[in-house]
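Trainee:
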Amino acid sequence: MSFSDSMAGTCSLATLVQPHCRLLRSTVLRRLYSTARMGRSSTPSVSRVYADVNAKLGPSWHEYDNLQVQWGSQDHYEIVRKVGRGKYSEVNNCSLRVVVVSIAQQVFEGVNIVTEEKCIIKVLKPVKKKKIKREIKILQNLAGGPNVVALLDVVRDPASKIPSLITEYVHNVEFKVLYPRFTDLDALDYCHSKGIMHRDVKPHNVMIDHEHRKLRLIDWGLAEFYHPKTEYNVRVASRYFKGPELLVDFQEYDYSLDMWSYGCMFASMIFRKEPFFHGHDNYDQLVKITKVLGTDELYLYIDKYNIRLDPQYDELLGRYPRKPWTRFITSENQRYISNEAIDLLDKLLRYDHQERLTAKEAQAQAYFDPVRNDATADGESDSSG
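Position one of the sequence shown corresponds to residue 1227 (my numbering), numbered consecutively onward.
In structure tokens, the structure reads:
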């Protein structure tokens, strides 16, 4: 008896489209795709760009377990105020030594009392030394890169041993205020070219100083060195910006994860919908994605890489057609949208991570022509002046 015959007595084709048969319908689809890929090897997944960077640069570049941290003096810094809102917003004008004993993983505006220069102080959680060393090593490796926040000092409380990272000060403007002008992919291409995935790209980690025309990609605590065919932790990135590869537990991901996250930010920018994919948990996040990109495309993706979906998705995934991006255009957001913007978005938000634009490819898209033209005009005016 064939697979289709065995299912016929359970639910007719007509009832398969009814809500109460969602579980069966999803199971049928998964079995069909599973049957199709039996005996077939999966497509290897290696980054299309910068795949061998760390191999070329060698262990001294990417190994951080034995990093010898040069600790600065904690007493050189004072807290001015907390950056953003939260439980400790009332903390201000006190020494770092006083603050660090009572809180961890908070970010503050501070001042170096020796040089009287402003800075940002990130008090770290009491996590494994290896993770702290990784963040320090990555910031050291990326020092001087375009739009990468500069690490100025690393200090540690003598009593609690809790470390803090001291980085350059950026007078931040709320991200969505500058939506139409957020165009900079230099930081992502730079870190990728150095063999590093950020793994937590989101608006909160983009600091923009409009007055001084500075943009900085911050918080490298989840960043990691990329090595081909390595299985990485999928518990990275913030939910609304998690790539499908994380949500289906595909561990051999690469730099393209950052490009999905960037694509989510870009969708929020042009459609004025924040976040664009608003899942209530990680399972629902994938459901929200399939309602836009379609379920058929999802199954093609998991088939290509021989991914086994979590059985919980049997109850959650229906069958959704792909929506055209024009469905999200409204009278309120239409002035932010162009054919070039839609084309860029479509090439970023792809299930298949190997089909997404790289940061350098994204920079070359027609959407950014006005930015390039402005830069050219500025250069010509400077030279003529």
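Where a beta carbon is used, it is the ideal one built from N, C-alpha and C, also for glycine. No experiment lies behind these values; they were computed from the predicted model shown.
1. Give me whichever residues DSSP pairs with Thr1552 in a beta bridge.
2. Mind the definition here: the segment 1551-1559 touches the segment 1522-1533 only if three or more C-beta pairs lie below 8 Å; say whether that holds.
3. Excluding the five sequence neighbours on either side, which residues of its own chain have a C-beta within less than 6 Å of the C-beta of Tyr1593, listed in chain order?
4. Tell me whether the segment 1511-1523 and the segment 1544-1552 touch, counting them as touching only if at least three CB pairs, one residue from each stretch, are closer than 8 Å.
5. Identify the continuous beta strand (DSSP E) that holds Tyr1303 and give its terminal residues.
6. Name the residue from Arg1465, Asn1508 and Phe1476 whose alpha carbon lies nearest to the alpha carbon of Ser1487.
7. Can you tell me which residues form a DSSP beta bridge with Phe1451?
8. Leaving aside the five residues before and after Val1279 along the sequence, list all residues of the same chain whose C-beta is less than 6 Å from its C-beta, in chain order.
9. For the segment 1379-1392 and the segment 1280-1297, state whether three or more C-beta atom pairs, one from each stretch, are separated by less than 8 Å.
10. Going by beta-carbon coordinates alone, are Leu1391 and Ile1362 separated by less than 9 Å?
11. Measuring alpha carbon to alpha carbon, tell me which of Val1340, Lys1455, Gln1560 and His1397 ends up nearest Val1432.
12. When the Cα atoms are used, what is the spatial distance from Ser1494 to Pro1384?
13. Beta carbon of Asn1280: closer than 8 Å to some heavy atom of the ligand ZN?
14. Between Val1474, Thr1584, Thr1456 and Val1353, which lies nearest to Leu1524 when the distance is taken from Cα to Cα?
15. Excluding sequence positions up to five away, which residues of its chain have a Cβ less than 6 Å from the Cβ of Phe1467?
16. Could you check which residue in Lys1357, Gln1580 and Ala1590 has the C-alpha nearest to that of Asp1484?
17. Can you give me the C-alpha to C-alpha distance between Asp1415 and Trp1446, rounded to a whole angstrom?
18. Per DSSP, which one or two residues make a beta bridge with Leu1443?
19. Under a three-way DSSP split, which group does Gly1489 fall into?
20. Using only alpha-carbon positions, find the residue among Leu1472, Val1275 and Glu1457 that is nearest to Gln1511.
21. Can you check which of these residues, Asn1292, Ile1347, Arg1461 and Ala1369, is closest to Asn1508 by C-alpha distance?
22. Once you ignore the five residues that flank Val1340 on each side, which residues in its own chain have a CB closer than 6 Å to its CB?
23. Over what stretch of residues does the beta strand (DSSP E) that includes Gln1332 continue unbroken?
24. Let me make sure I understand the geometry here. Which of Val1275, Ser1386 and Ala1449 has the alpha-carbon closest to that of Ile1358?
25. Looking only at its own chain, which residues have a Cβ that is under 6 Å from the Cβ of Arg1360, when we skip the five neighbours before and after it?
26. Tell me which residues share the same chain as Val1337 and place their Cβ nearer than 8 Å to its Cβ, disregarding the 5 neighbours each side in the sequence.
27. Quick check: Glu1457 and Gln1477, are their CB atoms within less than 9 Å of each other?
28. If you draw a straight line from the C-alpha of Asp1412 to the C-alpha of Leu1443, how long is it?
29. Select from Lys1354, Lys1308 and His1424 the residue whose C-alpha is nearest the C-alpha of Tyr1452.
30. Which word fits Ala1369, buried or exposed, when buried means at least 16 other C-beta atoms lie within 10 angstroms of its C-beta?
31. With C-beta atoms as the reference, is Val1275 less than 9 Å away from Thr1584?
Mentor: The relevant details are as follows:
1. Mapped onto the sequence shown, residue 1552 falls at position 326. DSSP, once it has assigned bridges, lists no residue as partnering Thr1552.
2. Short answer: they don't touch.
3. By 1-based counting over the sequence shown, the position of residue 1593 is 367. Cβ-Cβ distances below 6 Å link Tyr1593 to Glu1566, Ala1567 and Leu1570 in the same chain, with the five nearest sequence neighbours on each side left out; the list follows chain order.
4. Result yes; three or more Cβ-Cβ pairs closer than 8 Å.
5. Position 77 of the sequence shown, counted from the first residue, corresponds to residue 1303. Per DSSP, Tyr1303 belongs to the beta strand (DSSP E) from Tyr1303 to Lys1308.
6. Counted from its first residue, the sequence shown places residue 1487 at position 261. Checking every option, the nearest Cα to that of Ser1487 belongs to Arg1465.
7. Position 225 of the sequence shown, counting from 1, holds the residue named residue 1451. Answer by DSSP bridge pairing, in chain order: Ile1422.
8. As a first step, residue 1279 is located in the sequence shown; it is residue number 53 there, counting from the start. Taken in chain order, the residues that qualify are Gly1421.
9. Per the Cβ contact rule, the segment 1379-1392 is in contact with the segment 1280-1297 (3 or more Cβ pairs under 8 Å).
10. Against the sequence shown, residue 1391 aligns to sequence position 165. Against the sequence shown, residue 1362 aligns to sequence position 136. Their beta carbons are under 9 Å apart, which means Leu1391 touches Ile1362 by this criterion.
11. Counted from its first residue, the sequence shown places residue 1432 at position 206. Nearest option by C-alpha distance: His1397.
12. Indexing the sequence shown from 1 puts residue 1494 at position 268. Indexing the sequence shown from 1 puts residue 1384 at position 158. In a straight line, the C-alpha of Ser1494 is about 43 Å away from that of Pro1384.
13. The ligand ZN is not part of this structure, which contains no ligands at all.
14. Along the sequence shown, read from residue 1 onward, the residue named residue 1524 stands at position 298. Ranking Val1474, Thr1584, Thr1456 and Val1353 by Cα distance to Leu1524 puts Val1474 first.
15. Counting from one through the sequence shown, the residue named residue 1467 turns up at place 241. Within the same chain, Phe1467 has close Cβ partners Lys1428, Ser1487 and Cys1490.
16. Counting from one through the sequence shown, the residue named residue 1484 turns up at place 258. Nearest Cα to Asp1484 within the set Lys1357, Gln1580 and Ala1590: Gln1580.
17. Indexing the sequence shown from 1 puts residue 1415 at position 189. Indexing the sequence shown from 1 puts residue 1446 at position 220. Using only the alpha carbons, I get a separation of about 15 Å.
18. The residue labelled residue 1443 in the question sits at position 217 within the sequence shown. When DSSP reads this structure, Leu1443 sits in a beta bridge with Val1374 and Val1432.
19. By one-based count along the sequence shown, residue 1489 stands at place 263. Of the three classes helix, strand and coil, the one that applies to Gly1489 here is helix, per DSSP.
20. Translated into positions along the sequence shown, residue 1511 becomes position 285. It is Leu1472 whose Cα lies nearest to the Cα of Gln1511.
21. Locating residue 1508 in the sequence shown gives position 282, counting from the first residue. Relative to Asn1508, the option among Asn1292, Ile1347, Arg1461 and Ala1369 whose CA is nearest is Arg1461.
22. On the sequence shown, position 114 is the one that residue 1340 refers to. Sequence-distant partners of Val1340 (beyond 5 residues in either direction) whose C-beta falls short of 6 Å from its own C-beta, in its chain, are His1302.
23. Locating residue 1332 in the sequence shown gives position 106, where the first residue counts as 1. Gln1332 -> beta strand (DSSP E) spans Gln1332 to Asn1338.
24. Your numbering for residue 1358 matches position 132 in the sequence shown. Ranking the options by Cα distance to Ile1358, first place goes to Ala1449.
25. Position 134 of the sequence shown, counting from 1, holds the residue named residue 1360. Tyr1290, listed in sequence order.
26. Translated into positions along the sequence shown, residue 1337 becomes position 111. Its chain contains Tyr1303, Glu1304, Val1306, Glu1343, Lys1344 and Cys1345 as the residues whose beta carbon lies nearer than 8 Å to that of Val1337, once the 5 sequence neighbours on both sides are disregarded; these appear in chain order.
27. Translated into positions along the sequence shown, residue 1457 becomes position 231. Translated into positions along the sequence shown, residue 1477 becomes position 251. Contact flag set, yes.
28. If you number the sequence shown from 1, residue 1412 lands on position 186. If you number the sequence shown from 1, residue 1443 lands on position 217. So the two alpha carbons sit approximately 10 Å from each other.
29. Indexing the sequence shown from 1 puts residue 1452 at position 226. Checked all of Lys1354, Lys1308 and His1424; the closest Cα to Tyr1452 is His1424.
30. Sequence index remark: in the sequence shown, residue 1369 carries index 143 (1-based). With fewer than 16 Cβ atoms within 10 Å of its Cβ, Ala1369 is classed as exposed.
31. Locating residue 1275 in the sequence shown gives position 49, where the first residue counts as 1. Locating residue 1584 in the sequence shown gives position 358, where the first residue counts as 1. At a Cβ-Cβ threshold of 9 Å, Val1275 and Thr1584 count as neighbours.
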